[in-house]
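Have a look at the structure below before the remarks.
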Amino acid sequence: MKIKVGSKIENIELSTADGNIFKTSSLKNKRYLLTFYRFASCPLCNLRINEFVKRYDEFGENFTMVGIFHSSTKNLNHFTSHHKVPFILLADENYKYFKKYEVERSFFRFFISQVTLGPKIFFAMFKGFIPYRIKGHIEILPVDILVNEMGVVEKVKYGKDIGDHLSFDEIKNFSQKDS
């Protein structure tokens, strides 16, 4: 089922990059951004994680982020541990939640993105985010979901290409909004 504004996010239970089990039900009374990313070595995904790490203090104390990658725990740890993230990254190796929430895959939009996002992809690779070991679907289109303290979706964006996400300003405004 596609996620819609006003719907509740059911508990998601997956392994973190360091192998611990995390449950989204532990985020009660906290706002969060839930993002479905591609594979762990994805240059654009790692660039976005890097940007979030740099700007994380702008979002406030009652906010966190949860990123889900189509990846094994080992692979996720290998490609993301250097970020030193202050938020949660999860491995969904079996693609369970990607299927459940109808995260889209499109080879056509993946290939178009290679042209339209070429400079951004090269910038990400220049920063060291090189996808030398791709384990996961390359054609996944990201999904960003803003979830309030009650677990209710306030905004959802199913990406149109491999780099299409909510803007930092949208996320920041949501994170600082009064309950």
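Residues are numbered in my numbering as their position in the sequence shown, beginning at 1, plus a constant of 260. The beta-carbon is built from N, C-alpha and C at its ideal position, and this holds for glycine as well.
CA-to-CA distance, residue j to residue i, given in whole angstroms
| i | j | result |
| --- | --- | --- |
| residue 416 | residue 433 | 14 Å |
| residue 363 | residue 276 | 20 Å |
| residue 346 | residue 337 | 14 Å |
| residue 400 | residue 422 | 7 Å |
| residue 352 | residue 283 | 13 Å |
| residue 269 | residue 419 | 19 Å |
| residue 410 | residue 329 | 24 Å |
| residue 262 | residue 273 | 18 Å |
| residue 318 | residue 301 | 26 Å |
| residue 331 | residue 349 | 11 Å |
| residue 307 | residue 327 | 13 Å |
| residue 295 | residue 402 | 7 Å |
| residue 426 | residue 309 | 13 Å |
| residue 340 | residue 323 | 21 Å |
Host alpha helix (DSSP H) of residue i (start-end)
| i | result |
| --- | --- |
| residue 415 | Taken as a continuous stretch (DSSP letters only), residue 415 belongs to no alpha helix (DSSP H), being part of the beta strand (DSSP E) at 413-418. |
Exposed unless 16 or more other CB atoms sit within 10 angstroms - verdict on residue i
| i | result |
| --- | --- |
| residue 438 | exposed |
| residue 394 | exposed |
| residue 278 | exposed |
| residue 281 | exposed |
| residue 404 | buried |
| residue 265 | exposed |
| residue 435 | buried |
Unbroken beta strand (DSSP E) run spanning residue i, endpoints
| i | result |
| --- | --- |
| residue 283 | 281-283 |
| residue 263 | Neither: residue 263 is in no beta strand (DSSP E) and is coded neither H nor E. |
| residue 431 | It is not in any beta strand (DSSP E) - residue 431 instead sits in the alpha helix (DSSP H) that spans 428-436. |
| residue 401 | That residue, residue 401, is in no beta strand (DSSP E); it is neither H nor E in DSSP. |
| residue 275 | 273-276 |
query: Going along the chain, which unbroken runs of the alpha helix (DSSP H) with 4 or more residues stay wholly within the segment 290-358?
result: 303-315 and 333-340, all fully within the segment 290-358.
Does the pairing of the segment 350-362 with the segment 305-314 give three or more beta-carbon distances under 8 Å? no
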